[in-house]
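Data first, discussion second: the structure below is written as structure tokens.
Residue numbers (the working numbering): 1100 to 1768.
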């Protein structure tokens, strides 16, 4: 089993990152380099979270083995272990051979840092650039990132000057490397505590509110009102941009040097706009520089960028509106089925997507009713209580992890108790649950936050390239300080525990933070206590209330604006529901008409064709037959035509088709 657990987790984490990226990104439309860079960033961050518990168990085993092999004098002076005569080390099932983990962490860490500080910011500017050539996009990206890179070089230079001026330090390469790591971790820890304080409260509260009857439906109505406003704004913005594109397309003719740029812009427009502009084009006219003023290439680059943004936003709002409608219809069905006597879940509308037969076989209407109306609220309540308990433990440990005598951090107590019995499975499970919960609190906040329309992770393949790359940057900057914070909570970091023990392989590549004592002994220890204030602010929704006062409508139960938006959203959902019902009724009538008269019409049509062919053949070959034969055949055709008229669908009433003058009517007949 040596190294097998590491290999299995590497494969599993890759498919997990690929699944999440497929949910938010669009593999067909987005550039391959954007997909690969985002996938690599997400994969490396998730990999650190999943592999770190194996590093902890391996480190505990190495400490035990080192203590057994050392003399009693050395063990009393250098290592905090029990006597070698009474100690027996058990090799963990997931043991990773020595020498592998340091190389693994070094590759993963420096690759993620290269992505977040150099490659991904450059690719962000490249993806948002409206240039028409690769050279133009690269030039734009370099110009936009000049200030960005210069700021970080200035910060790094400040740290460098501090170490160089301090006479207690001899500036070496290892210390220089530590300064860079400390600067990156300081920035990440600053943002980490902010996101963690929000997630520790919001995740348990969202699950508790999800168990309340009607809460999700009211919030869906609120979202519908806001999304309709955004959807109308996106449609209006797209119309304005398309009007500018139309004017540019009409002014720049086929033989203009910039016509290729215009064609590139037109290919980014929706299909209906392309067809509309194509019909109005006149390519037979040549351009004349003396008579018309043509837009410059710089203005076309700006227009190209606006087209990409407006089309993406319009498509996203359309998809989100359809998804929100389905959620609202389903929540209304849940509210209606709660008092059902048959205890079978009845849907108002059938699912538009084909369902899996295996799911249909097990997830019957009866099972669905019991889950949605009885079990799911209680399950969410129990889950909310468990998550709230974890949050309280995290907050307590964040405020007390610096205390080593006595040990007040609950996570450190659990790990040390398991370390005495060398229960490696318990150690790995405890470490995994702890760091997994911390990651969920931080990463879920990254997925939830929205910075206007510049950064927004939208599911169902609606996230743009800029937001995907920005999320990869955030993950790469948040994960290393998150892991260091976890090791501090469990006292596996020698900087926190103040014990001369063998460090984990992950801590060893970070170097000794003693180079910057004010960060190691001050910022890293006392700044995480700020999570208490942030949790209190999140619990009382101070941030939501501030945004509401600034004009950004937020869902608040005691707000008059929220009530108005809920009523507006309810009316929008009711209107869309009536529209959907009329569509389904029309489809059902057409289906019934086809089932009732479809075969009859086909047989009548075939009979008429067969009769006409028979008449023509009979008239050509038997021209001298009596007239009564032909008259009988003609009468048969007339009866068939009358039958066809009787089977026809009745026409709608039209008052214009009725003539009021009976004389004209008689004359017409």
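Every residue gets a Cβ at the ideal spot worked out from N, C-alpha and C, and that includes glycine.
- Closest in C-alpha terms to residue 1679, from the list 1424, 1623, 1558 and 1555, comes 1424.
- DSSP, reduced to helix, strand and coil, places residue 1555 within a strand of the structure shown.
- Under the three-state reduction of DSSP, residue 1122 is assigned to helix.
- Between residue 1141 and residue 1608 a beta carbon distance of about 21 Å is seen, past the 8 Å cut, so the two are scored as non-contacting.
- Within the same chain, and ignoring the five residues on either side of residue 1146 in sequence, the residues whose Cβ sits closer than 6 Å to its Cβ are 1112.
- In terms of CA proximity to residue 1543, 1294 leads the group 1152, 1156, 1507 and 1294.
- In this structure the segment 1578–1589 touches the segment 1270–1290; the number of beta carbon pairs closer than 8 Å is three or more.
- Contact annotation: the segment 1468–1487 does not touch the segment 1552–1568, with fewer than three C-beta pairs closer than 8 Å.
- Excluding sequence positions up to five before and after residue 1188, its CB lies within less than 8 Å of the CB of 1160, 1163, 1164, 1167 and 1521, all in the same chain and listed in chain order.
- With a cutoff of 8 Å on beta-carbon distance, residue 1143 and residue 1105 are scored as not near each other.
- Between the segment 1339–1347 and the segment 1360–1380, the count of C-beta pairs closer than 8 Å reaches three or more; the two stretches touch.
- In the DSSP assignment, residue 1429 falls within the unbroken alpha helix (DSSP H) covering 1396–1436.
- The C-beta separation of residue 1510 from residue 1533 comes to about 6 Å, placing the pair in contact by the 8 Å criterion.
- Sorting 1664, 1604, 1458 and 1691 by C-alpha distance to the C-alpha of residue 1196 places 1604 at the top.
- A straight line joining the alpha-carbon of residue 1517 with that of residue 1529 spans about 9 Å.
- By the Cβ-count criterion, residue 1156 is buried, with 16 or more other Cβ atoms from all chains shown falling within 10 Å of its own Cβ.
- Annotation for residue 1117: 1138 place their beta carbon closer than 7 Å to its own, counting only its chain and skipping 5 residues before and after.
- Taken in chain order, the unbroken stretches of alpha helix (DSSP H) that lie wholly in the segment 1480–1527 and span 4 residues or more are 1509–1520.
- Cβ-Cβ separation between residue 1490 and residue 1337: approximately 43 Å, too far for a contact (criterion under 8 Å).
- DSSP lists 1554 as the beta-bridge partner residues of residue 1550.
- Unbroken beta strand (DSSP E) runs of no fewer than 3 residues, entirely contained in the segment 1556–1634, are not found.
- Where residue 1343 is concerned, the enclosing alpha helix (DSSP H) starts and stops at 1314–1350.
- Residue range 1131–1168 is occupied by the alpha helix (DSSP H) that includes residue 1140.
- Minimum Cα-Cα distance from residue 1442 among the listed residues 1468, 1430, 1457 and 1673 corresponds to 1468.
- Here residue 1586 really is in contact with residue 1606; their C-beta atoms are around 6 Å apart, less than 8 Å.
- Leaving aside the five residues that flank residue 1307 on each side, the residues in its chain whose CB is nearer than 6 Å to its CB run, in chain order, 1483.
- Selection 1432, 1437, 1438 and 1462 evaluated against residue 1448 yields 1432 as nearest (Cα-Cα).
- Between residue 1310 and residue 1122, the C-beta spacing is not below 8 Å.
- Closest by C-alpha distance to residue 1420, out of 1371, 1492, 1564 and 1325, is 1325.
- Taking the Cβ atoms as the reference, residue 1655 lies roughly 6 Å from residue 1643, within the contact range of under 8 Å.
- Annotation: residue 1395 to residue 1690 spans about 56 Å, alpha carbon to alpha carbon.
- In the three-state reduction of the DSSP assignment, residue 1191 falls in the coil class, being assigned neither a helical nor a strand state.
- In the three-state reduction of the DSSP assignment, residue 1445 falls in the coil class.
- Residue burial annotation: residue 1502 is exposed, with fewer than 16 other C-beta atoms found within 10 angstroms of its C-beta.
- Where residue 1217 is concerned, there is no enclosing alpha helix (DSSP H), because DSSP gives it neither an H nor an E.
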